[in-house]
Every structure is written in structure tokens, then in C-alpha cells.
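Everything in the sequence shown is counted per full-length UniProt numbering, starting at 1 for the first residue and increasing by one. Just so it is clear, CB atoms sit at the ideal spot from N, CA and C, and this is done for glycine as well. These figures come from a predicted structure and were not determined experimentally. Inspection log for the structure reproduced underneath, given as C-alpha cells.
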Amino acid sequence: MDDVEPTIVVIVRLACFLSILIGMAFWELYLPRRKLVAGKPWRWTSNLSLVVLNGMLVRILIPVTAVAAAVYTGAQEYGLFHILDWPLWLEVLLAVVVFDLAIYLQHVMFHAVPLFWRLHMVHHADLDFDVTTGLRFHTLEILLSSLIKLSVVLVLGPPVIAVVAFEVLLNATSMFNHSNIELPEQFDRLLRWFVVTPDMHRVHHSVIYRETNSNFGFNLPWWDYLLGTYRHQPQEGHELMKIGVKTFTDERQVNRLLGMLLLPFHRGKSGMLHTDKTGHSQPAGERNSERDLSDDIFGGDLDDGDS
Numbered sequence: 001m002d003d004v005e006p007t008i009v010v011i012v013r014l015a016c017f018l019s020i021l022i023g024m025a026f027w028e029l030y031l032p033r034r035k036l037v038a039g040k041p042w043r044w045t046s047n048l049s050l051v052v053l054n055g056m057l058v059r060i061l062i063p064v065t066a067v068a069a070a071v072y073t074g075a076q077e078y079g080l081f082h083i084l085d086w087p088l089w090l091e092v093l094l095a096v097v098v099f100d101l102a103i104y105l106q107h108v109m110f111h112a113v114p115l116f117w118r119l120h121m122v123h124h125a126d127l128d129f130d131v132t133t134g135l136r137f138h139t140l141e142i143l144l145s146s147l148i149k150l151s152v153v154l155v156l157g158p159p160v161i162a163v164v165a166f167e168v169l170l171n172a173t174s175m176f177n178h179s180n181i182e183l184p185e186q187f188d189r190l191l192r193w194f195v196v197t198p199d200m201h202r203v204h205h206s207v208i209y210r211e212t213n214s215n216f217g218f219n220l221p222w223w224d225y226l227l228g229t230y231r232h233q234p235q236e237g238h239e240l241m242k243i244g245v246k247t248f249t250d251e252r253q254v255n256r257l258l259g260m261l262l263l264p265f266h267r268g269k270s271g272m273l274h275t276d277k278t279g280h281s282q283p284a285g286e287r288n289s290e291r292d293l294s295d296d297i298f299g300g301d302l303d304d305g306d307s
């Protein structure tokens with residue numbers, strides 16, 4: 001698939017994106033997990049407008065896509081996989097797993113580094129949690145993520161089909177695990193051994209700091225289990241838990257396109273960078289705990305329930 005037609009890749013990705021977005025939207029409409037608190041028309045218009053804006057700017061500022069980088073490494077026989085020369089199926093499987101680990105580590109980094117958190121905070125500042133939340137990221141975060149992804153592709157030299165598969169998978173699971181959908185409890189328990197479920201990831205969008213710094217996975221839940229960042233349930237329960245960033249609650253800031261773009265540059269308190277001893281969020285500069293952020297993320301027992 002190293003001679004893949006770029007137009008075909010675009011069509012496949014767009015078809016998958018639209019079908020999953022529409023499917024999840026109807027599922028949310030007929031079987032919602034919790035009641036929304038903010039106006040849906042404004043939220044959806046702003047969130048989806050940000051997707052379009054990001055797509056255009058990334059193509060202009062970073063014209064080399066991850067797929068194109070994979071084609072290049074294949075033509076040059078450059079990267080780790082060309083040294084190993086393993087069977088295609090094994091390289092594809094391993095590449096997808098490594099890409100997913102990279103996304104997990106990137107996600108942790110965007111929480112741990114204050115400058116990056118200001119960008120990632122736009123994703124967390126959504127007052128509700130639904131399928132469009134999974135698409136809502138600040139433009140600068142998307143640009144940084146694209147550069148990180150390109151770097152991983154250049155180091156690995158993975159098969160083109162692995163890159164296409166992972167990008168489709170990441171887009172699909174991001175919309176799925178951010179969806180406001182009801183799943184049977186037993187099915188959710190089973191499913192979260194293999195993929196991040198909406199209930200699992202919703203915990204990550206809590207205003208409570210120790211919950212925000214848990215469940216970082218997007219596709220595979222294994223990294224949270226293995227690295228000690230898994231939390232089973234939110235403290236207040238899924239129906240009552242508060243979504244968002246505690247210091248930003250004005251809908252004009254968090255659910256309007258211009259406000260979202262300007263949010264990282266707000267001179268006020270930047271949100272959940274530190275925690276008090278109860279685990280609730282505290283803005284930077286008001287920290288009581290002596291532990292550093294890495295201890296808060298990776299330390300302690302985060303599993304509050306049976307898995």
C-alpha cells in the first residue's frame with residue numbers, strides 16, 4: 001500500500017468521520033447517558049467550526065501528512081521497521097500499539113507541562129461531554145500533535161496501511177469515547193478491557209483534579225492500567241459529576257469559537273494544574289501539596305472500584 005492514492009485516503013477518512021459522527025449523534029439523541037447543561041446549537045457550531053478551521057490550517061502550515069511521511073520512509077527504506085523487516089501483519093499491529101502509546105504519553109505531557117495544559121485546556125473546558133467534545137482541540141495543540149505524529153512516523157518507518165488504520169481508528173474512538181451514550185454496565189465492564197469506553201473517559205473530564213489526571217487513554221485502556229493512571233468511577237457518579245475546568249465556566253469563553261481560541265492566552269488562573277489535599281483543583285500559585293505533578297499523575301491508588 002506504499003503507492004496508495006492520496007485521494008482514496010482522504011475519501012476513506014472523511015466517510016468514516018461523517019458516518020461515526022452521525023451515528024454517535026443519533027445514539028446520543030435516543031439513548032443519552034446524562035442531561036446536557038449547555039446550549040447544544042452554540043456548542044456544536046463552535047466545536048465543529050474549530051474542526052474545520054484546524055483542518056485547513058494544518059494542511060497549510062504542515063503540508064506533509066503522516067501518510068505522506070510513511071510513503072517517504074517506505075521509498076527510502078528508512079526507520080525501525082525497515083531494519084527489523086518483520087511480516088506486514090506484525091508490523092501493522094505493532095505500529096498501531098506504539099502509536100497509541102505515543103498518544104497516551106503525549107496526553108500526559110499536555111497535562112503535566114503548564115504551557116501545554118493551557119492549550120489542552122480548551123478540550124477540557126467544554127461544559128458538556130458528547131461526540132463533538134472528542135473533536136474539539138485548540139489549533140496550536142493540533143499543530144503540535146501533528147509534528148509529534150510525524151516524528152514518530154519518521155522514527156518507526158511504519159507501513160502506510162498502519163498509519164491510515166491508526167488515524168481512522170483514533171478519530172473513531174475519540175468520537176466514541178466522548179459520546180454521551182448509555183451502555184449496559186456489564187457490557188461497559190467487558191468492553192473497557194479492550195477499548196476506552198465513554199464512562200471510562202468521562203472521568204477524565206471531571207472538574208476534580210485527581211479525576212482529570214486519570215484515564216488518559218484514547219484507544220487502548222492498557223496504558224492506564226499498566227502505568228497506574230486508571231480510575232474506575234467518578235466520585236460524584238456519572239449523572240451528577242461536573243464536567244469542565246473549574247476556573248472557566250462562562251459559555252462565551254468556553255463554548256464560542258473566538259473564546260475557545262483565546263482561552264489559552266487568558267491572563268487569569270489557568271485551571272487544574274495543581275491540587276489541594278482533598279484532590280480538588282487549585283489554580284497555579286495556590287498549591288498546598290508538596291508533591292510534584294508527576295507524583296500526582298502516577299502516584300497513589302487511582303482505582304476506586306472494581307474493574
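For residue i, which residues in the same chain have their Cβ closer than 8 Å to its Cβ, ignoring the five residues on either side in sequence?
| i | result |
| --- | --- |
| C16 | V168, N171 and A172 |
Roughly how many whole angstroms lie between the Cα atoms of residue i and residue j?
| i | j | result |
| --- | --- | --- |
| T212 | L80 | 35 Å |
| H205 | Q76 | 42 Å |
| P63 | E236 | 44 Å |
| M109 | I243 | 21 Å |
| R231 | W222 | 12 Å |
| H201 | V131 | 12 Å |
| V51 | L261 | 12 Å |
| residue 311 | T197 | Residue 311 lies beyond the residue range present for the chain, which begins at 1 and ends at 307; the question has no answer from this structure. |
| L31 | E182 | 6 Å |
| residue 342 | I8 | This structure cannot settle anything about residue 342, because the visible part of the chain is limited to 1 through 307. |
| D250 | L36 | 16 Å |
| D188 | R13 | 27 Å |
| H138 | N47 | 10 Å |
| L190 | I60 | 42 Å |
| V207 | T73 | 42 Å |
| A125 | W193 | 28 Å |
| Y104 | W27 | 27 Å |
So what does DSSP say about residue i, is it helix, strand or coil?
| i | result |
| --- | --- |
| K277 | Note that K277 has pLDDT 41, beneath the 50 cutoff, so the model's placement of it is unreliable and no number is given. |
| F99 | helix |
| V58 | helix |
| P87 | coil |
| P41 | helix |
| S179 | coil |
| P221 | coil |
| F166 | helix |
Ignore the nearest five residues each way along the sequence and tell me which others in residue i's own chain have a CB closer than 6 Å to its CB.
| i | result |
| --- | --- |
| F176 | none |
For the alpha helix (DSSP H) that contains residue i, what are its first and last residues?
| i | result |
| --- | --- |
| I142 | T139 to L156 |
| Q186 | E185 to L191 |
| V122 | P114 to H124 |
| H205 | Per DSSP, H205 belongs to no alpha helix (DSSP H) and is neither H nor E. |
Looking at chain B, is there any beta carbon in it that lies within less than 8 Å of the beta carbon of residue i?
| i | result |
| --- | --- |
| L262 | Included in the structure is just one protein chain, with no chain B present. |
Our contact map puts residue i next to residue j with C-beta atoms below 8 Å; I'd like the distance itself, whole angstroms only.
| i | j | result |
| --- | --- | --- |
| L94 | P159 | At roughly 10 Å, the Cβ-Cβ gap does not stay under 8 Å, so L94 and P159 are not in contact. |
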